[in-house]
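With the UniProt record's numbering applied, the sequence shown covers 1 to 103. Yeah, the Cβ is synthetic: ideal placement off N, Cα and C, and Gly gets one too. Computed from a predicted structure; not experimentally measured. Only one structure is covered here, and it is reproduced in the block below.
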Amino acid sequence: MYEWYKSFAVKALKYKLGMGVAEEELKQALPPSLQTHAIEIADAIFNEIVLVEGKSCTCLLCARPNLTVRGLYLHLVRVHMEELQRILSVEVESIIARYKKGI
């Protein structure tokens with residue numbers, strides 16, 4: 001996997017969880033050709049792995065419930081980083097395929 005995958009996955013989680021990452025910082029974690037898709041990619045990753053109900057978060061990768069925002073972030077980074085990078089890889093390939101088709 002590309003070395004920017006881990007950096008972007010961490011920034012995407014922080015961005016979506018409201019942990020102090022600005023949209024511009026998120027875009028800078030991607031290669032220039034993908035920067036316009038930063039929010040789309042972050043949304044796709046986040047929506048696939050997290051369920052937020054009020055102040056309680058659930059990891060959908062292992063069904064661990066009742067996590068705080070910070071607890072969820074730490075759990076995902078420590079336990080599921082490889083899976084986050086795999087999901088990111090699939091999403092990037094999807095965007096590239098759409099681009100090649102002219103969509």
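Rounded to a whole number of angstroms, what is the C-alpha to C-alpha distance between H75 and V21?
-> Between H75 and V21, the C-alpha separation is close to 18 Å.
Determine the burial state of C62: buried for a count of at least 16 other Cβ atoms within 10 Å of its Cβ, exposed for fewer.
-> exposed
Answer yes if the stretch 26 to 33 comes into contact with the stretch 53 to 71, meaning at least three C-beta pairs across the two stretches below 8 Å, and no otherwise.
-> no
Within the same chain, show all residues whose beta-carbon is closer than 7 Å to that of K6, passing over the 5 residues directly before and after it, in chain order.
-> M81, Q85
Locate the alpha helix (DSSP H) running through V50, then write down its first and last residues.
-> Note, V50: premise wrong, no alpha helix (DSSP H); beta strand (DSSP E) at 50 to 53.
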